[in-house]
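Peer 1:
Residue numbers (full-length UniProt numbering): 1 to 202.
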């Protein structure tokens, strides 16, 4: 099964009060960790959607072989980045792993497990859980691309999950990184502490 990787990194980070994706973590911007993880997995194609302070993000992060797309309508919500990013793929993957740019602790081996488990049964969606708690990234089948294009506002896979509860494969992983993102200064402090406890960023 052929997988593409889409990284959503266009948000304003209003609750953080600054461009959170460029906050430093273990010597690298938060978004750099996410990009490095995607590239380490070896996807044929990686697309990154940026938006808020896009010029600063592009000049700071090393995107390597990833394709960078600027969403000028990022204030209209997550769905706009999701739709724009999926349209930017040159290839036609069987499914897409959708990563969030503010989840720096997810390990490459966790991503590989999600892809392997998704390929076994090819559901509409595969979603990781950690100790039963729903997380990200999610895997979306190309079979629901048309439906994704109808989404609006600040919604992503959650709305698809509500529409297709029987089309979801839940995958338990041993990686707390799938439930940790950086929305607030408290989140950032927690992730810094988590790293001190031994959860290393990739």
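All residues carry an ideal CB built from backbone N, CA and C; glycine is no exception.
For residue 193, does the count of other Cβ atoms within 10 angstroms reach 16, so buried, or fall short, so exposed?
Peer 2: exposed
Peer 1: Would you list the one or two residues that DSSP bridges to residue 129?
Peer 2: In the DSSP output, where bridge partners are listed per residue, residue 129 has 134 and 172.
Peer 1: Starting from the N-terminal side, write out each stretch of the beta strand (DSSP E) that is 3 residues or longer and does not extend beyond the UniProt domain "MobA-like NTP transferase" (5-164).
Peer 2: 46-50, 67-70, 95-100, 125-130 and 138-141
Peer 1: So does the stretch 77-92 actually touch the stretch 39-56, counting three or more Cβ pairs closer than 8 Å?
Peer 2: At 8 Å Cβ cutoff, the stretches touch.
Peer 1: Touching or not, the stretch 138-154 and the stretch 64-73, by the rule of three or more beta carbon pairs under 8 Å?
Peer 2: no
Peer 1: Cα-Cα, which of 84, 143 and 178 is closest to residue 128?
Peer 2: For the residues 84, 143 and 178, the minimum Cα distance to residue 128 belongs to 178.
Peer 1: Given this structure, state the Cα-to-Cα distance separating residue 145 from residue 98, to the nearest angstrom.
Peer 2: 13 Å
Peer 1: Over what stretch of residues does the alpha helix (DSSP H) that includes residue 187 continue unbroken?
Peer 2: 185-196
Peer 1: Taking Cβ to Cβ, would you say residue 110 is nearer than 8 Å to residue 166?
Peer 2: Going by C-beta atoms, residue 110 is not nearer than 8 Å to residue 166.
Peer 1: Please confirm whether residue 20 and residue 30 have their CB atoms less than 8 Å apart.
Peer 2: yes
Peer 1: For residue 39 and residue 49, I'd like the C-alpha separation in whole angstroms.
Peer 2: 15 Å
Peer 1: Could you tell me which of 100, 172, 171 and 147 sits nearest to residue 162, measuring between CA atoms?
Peer 2: 147
Peer 1: Cutting at 6 Å between CB atoms, please list the residues of its own chain near residue 195, excluding the five before and the five after it.
Peer 2: none
Peer 1: For residue 101, tell me which candidate among 82, 159 and 197 has the shortest Cα-Cα distance.
Peer 2: 82
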